[in-house]
Amino acid sequence: MRFFCLHMHSLELCETLYAEFGPQHWWPGETPFEIIVGAVLTQNTAWSNVENAIANLKRARLLTPTKLARAPLSKIRAAIKPSGYYNQKALRIKKIAQYLAKNYGDDLTRFLSQPVCSLRHEVESWKGVGPETRDSILLYAAQKPVFVIDAYTVRVAGRMGMTDKRAYRELQAFFESSLPKNPRLFNEFHALLVHLGKNYCRKTKPLCASCPVKTRCRRRIRR
DNA sequence: GGCCAGGTCAAAG
DNA sequence: CTTTGACATGGC
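Residues in the first sequence are numbered consecutively from 3, following my numbering.
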């Protein structure tokens, strides 16, 4: 394992992580719509559970805006059950599907190729889409240069002493201002941070043997 | 059996 | 404006 040093610069950390772990191939989804649905389903839920839910939706042929928009709630609920919170998530993804189907049909090209500000405005008007889900959609479905902040990002940044910021927008500004505004870089870096966090940053476990920072980091991200 | 996972919303303080 | 509780499954 390489040496992940405290107070390392963002780009330096990104390059070190990439050299160590390689490309993460995010977002694991075949279409933008699948990424949008997955972004909602993965809220506070392990990705392995979401994989099952997505597989069920695919098997039921529900993973297009028009199909999901017409599907009965009971069917959606049953399909996404493994991802947890299935009652509210079923309502939310159906509502999103109805919005997309009505305004764009099944081809989301026109939707995704809007300028960031109008796309962001549209996406954040959806119920069930908060800051992280919104930015995941902007970055991973639409390839806009928006840095996604999640619990892992906060933990890793805090533990590595990169910044003491806690609020979502401040953290986002920190990363975006310390990196080239490149969506592919944002994509890979965020995925690598999650990978690092998953494997070396649970609870009070140190990041690695040579970087024994044990500061307890709160999971909650302030708005 | 308890804790945690690629959060969000509404209601209350 | 900040804090709290509800939402729910599956893996370790």
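From the three backbone atoms N, C-alpha and C, an ideal C-beta is built for every residue, glycine too.
Quick caveat: nothing in here was measured; it's all calculated off a predicted structure.
Beta-carbon proximity list for residue i, same chain, < 6 Å, skipping 5 on both sides
i	result
P84	N51, N54 and A55
L15	none
I98	W128
I37	W29, G31, Y142 and A143
T47	S85 and G86
A62	A81
Rounded separation between residue i and residue j - CA only
i	j	result
A71	L93	10 Å
R161	R171	19 Å
K183	S76	42 Å
R157	L195	9 Å
P147	R112	18 Å
D152	L102	26 Å
T165	P133	20 Å
V150	P34	17 Å
Q26	H192	10 Å
I82	K91	8 Å
L64	G86	18 Å
G130	T44	12 Å
K96	A73	8 Å
L187	G24	13 Å
A169	S120	23 Å
D239	Q100	For residue 239 there is no data in the structure shown, the boundaries of the chain being 3 and 225.
P67	E126	18 Å
R79	Y88	6 Å
S115	A175	23 Å
Local Cβ density within 10 Å of residue i, reported as buried at 16 or more and exposed below that
i	result
V118	exposed
E32	exposed
L13	exposed
S179	exposed
A41	buried
S138	buried
N105	exposed
N58	buried
Cβ neighbours of residue i in the same chain (closer than 7 Å, five flanking residues each side left out)
i	result
R122	R136 and L140
F177	S12 and F149
Q145	P185
R221	Only weak support exists for where R221 lies, its pLDDT of 48 falling under 50; the coordinates are left without a value.
For residue i, the three-state DSSP class (helix, strand or coil)
i	result
V150	coil
K83	helix
K69	helix
S120	helix
K91	helix
R157	helix
K129	coil
S179	helix
W29	coil
N46	coil
Contacting residues, own chain, Cβ-Cβ under 8 Å from residue i (five flanking each side not counted)
i	result
K200	Y154
E190	C16, Y20, P25, Q26 and W28
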